[in-house]
Amino acid sequence: MNIVVGVTGGIAAYKTVQIVRLFVKAGHEVHVIPTADALRFVGLPTWEAISRNPVTTSVHDDVAKVRHVALGQNADLVIVAPATANTIAKMTAGLADDLLGTTLLATSAPVMIAPAMHTEMWLHASTQANIRTLSERGVHIVGPASGELTGGDSGPGRLVEPEDIVAAALRLLAPGDLAGLNVAISAGGTREPIDPVRFLGNRSSGRQGVALALEAADRGAEVLLVSAHIGADVLGEASTHPRVRVEPVSTAIELGAAMTDASRTADIVVMAAAVADYRPATASPTKLTKEGGPLRQIALVENDDVVAGLAAARANGAAPDGQVIVAFAAETSTSPQERRERARRKRASKGVDLLAVNLADAEHGFEVADNAVEIIGEGGEVVGEAAGPKRVVAAAIVDAIAALRG
Ligand code: CTP
6 MNIVVGVTGG IAAYKTVQIV RLFVKAGHEV HVIPTADALR FVGLPTWEAI
56 SRNPVTTSVH DDVAKVRHVA LGQNADLVIV APATANTIAK MTAGLADDLL
106 GTTLLATSAP VMIAPAMHTE MWLHASTQAN IRTLSERGVH IVGPASGELT
156 GGDSGPGRLV EPEDIVAAAL RLLAPGDLAG LNVAISAGGT REPIDPVRFL
206 GNRSSGRQGV ALALEAADRG AEVLLVSAHI GADVLGEAST HPRVRVEPVS
256 TAIELGAAMT DASRTADIVV MAAAVADYRP ATASPTKLTK EGGPLRQIAL
306 VENDDVVAGL AAARANGAAP DGQVIVAFAA ETSTSPQERR ERARRKRASK
356 GVDLLAVNLA DAEHGFEVAD NAVEIIGEGG EVVGEAAGPK RVVAAAIVDA
406 IAALRG
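So for the sequence shown, my numbering puts the first residue at 6; every next one is plus one.
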């Protein structure tokens, strides 16, 4: 593959030497395009030696070969690491005042950037707005990671480790069996407010949904992960994966709105979130106190069944052809027959294609790393099963989805 590595003027540029080395070692043809500023950190001979290709920064070199557009046109992937706040702003504006700028405008290949800068610059409203714009345009953003920064301070702004950037880039290049498909996954547990400090919630950590998101993305899908209160530790790689976009939500109503919106263009919909079936009829705008009168009862109203609504919308034509919808059911019955029976009824009543039923006990299901599921298909038959780490279970569920799509 032809990989263009843009290097911009940040101290982390020295780590990009390792990124280029790893791409070359993996057998890729690498062209490095440093900005003039980047060369103040790592010199031209280093880039030429390590990439084994000539390196220039100016649009006026090698004019006969129309180098200012040829590199971008021929690229299978363009990656900018480190991407400084300045370069991110230039990319957002579409500036082309150097070879990296023209290359980025001339390419139709996937573009990935690995931002690195001081925390204040990363968190600045302009940088955040630029990142959102780039992400909406399909630019894959890897990181930044949190940790120690040059200058002794610490926070988000570190370049993601070279090995992880290379792994993310190679995943982007590898076509998988879900390549080109849009997948919408809900995960985590909703919170229904009682007052500003209390809510009705559940024990879902979001691990199974995150594992599904990563599995689908690694197999080529573009994934939207609608995340209801998933901790950063659980989200892990999903927050930096080039093909996973995370949309945080809180309540069942917010989750329903996000999934309804996403499912209009999703080829695959997976409802792994634990959605509250009921919410308090009213949420007090101020904290309820004992002085104000003891709270002994909470009136509840029923939430809409999101997944049943998505299946109904599909039946009305509001979804892409061949859309597959998957629901989950957590069952505490220790009888496999009973669990299966309930799962069959649930699948049919919700109108979904597949229902993954899992046993929720101390070792399986909620808040733990392992899970065990049976996947019930349209005829009520068991079309797949898996037990073990949630990523293994995720692979079995994605296999069942892929089989259904043919
Ligand atoms: N679900 C949903 N909207 C809700 C509640 C649940 O879309 N308001 C989805 C979940 O994401 C999951 C499946 O429906 O995919 C779970 O079905 P549900 O009937 O809620 O299962 P349980 O909560 O296990 O139901 P019950 O309490 O009746 O056993």
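We treat Cβ as the ideally placed atom computed from N, Cα and C, and that holds for glycine.
As the structure is a prediction and not an experimental result, all values here were calculated from the model.
Rounded to whole angstroms, Thr-256 and Val-47 show a C-alpha spacing of 49 angstroms. Partner residues in a beta bridge of Asp-310, as assigned by DSSP, do not exist. Bounds of the alpha helix (DSSP H) holding Asp-238 are 237 to 240. Contact between the stretch 304 to 312 and the stretch 274 to 286 is present, with at least three C-beta pairs closer than 8 angstroms.
In the structure shown, Val-22 falls within a helical segment according to DSSP collapsed to helix, strand and coil. No heavy atom of the ligand CTP is found nearer than 7 angstroms to the CB of Phe-204. Out of Asn-187, Ser-159 and Ile-93, the CA that lies nearest to the CA of Arg-137 is found in Ile-93. DSSP, reduced to helix, strand and coil, places Val-29 within a helical segment of the structure shown. About 25 angstroms separates the Cβ atoms of Ser-151 and Arg-142, ruling out a contact at the 8 angstroms cut-off. Judged by DSSP secondary structure, Glu-346 falls within the alpha helix (DSSP H) whose first and last residues are 341 to 355. Within the same chain, and ignoring the five residues on either side of Gly-236 in sequence, the residues whose Cβ sits closer than 8 angstroms to its Cβ are Ser-210 and Gly-211. By the 16-neighbour rule on beta-carbons within 10 angstroms, Thr-291 is exposed. Within 7 angstroms of the C-beta of Ser-191 there is at least one heavy atom belonging to the ligand CTP. Restricting attention to beta strand (DSSP E) runs no shorter than 3 residues, the stretch 75 to 124 encloses them at 82 to 88 and 116 to 120, ordered along the chain.
Note on the stretch 165 to 244: whole alpha helix (DSSP H) runs with a minimum of 4 residues are 167 to 178, 212 to 223 and 237 to 240, in chain order. Each residue's CA atom was taken as its position, placing Val-215 and Ala-233 some 11 angstroms apart. When the beta-carbon positions are compared, Gly-356 and Ala-392 stay at least 8 angstroms from each other.
Using a Cβ distance threshold of 8 angstroms, Val-144 and Ala-111 do not count as a contacting pair. For Ile-402, the enclosing alpha helix (DSSP H) stretches over residues 395 to 410. For Leu-360, there is no enclosing alpha helix (DSSP H); the residue is part of the beta strand (DSSP E) that begins and ends at 359 to 364. In this chain, the alpha helix (DSSP H) harbouring Asn-135 covers 130 to 141. Val-378 has its Cβ no nearer than 7 angstroms to any heavy atom of the ligand CTP. Exclusion of Val-274 from the 7 angstroms shell around the ligand CTP follows from its C-beta lying no nearer than that to any non-hydrogen atom of the ligand.
Cβ-Cβ distances below 7 angstroms link Val-239 to Ser-210, Gly-211, Arg-212 and Val-215 in the same chain, with the five nearest sequence neighbours on each side left out; the list follows chain order. When C-alpha distances from Gly-11 are compared across Lys-30, Ala-361 and Ser-56, the shortest belongs to Ser-56.
Distances between the C-beta of Val-280 and the heavy atoms of the ligand CTP include at least one below 7 angstroms. In this structure Asp-358 touches Glu-383 by the C-beta definition: roughly 6 angstroms separates them, less than 8 angstroms. Short of 6 angstroms from the beta carbon of Ala-41, and not among the five residues preceding or following it, lie these beta carbons of its own chain, in chain order: Thr-62.
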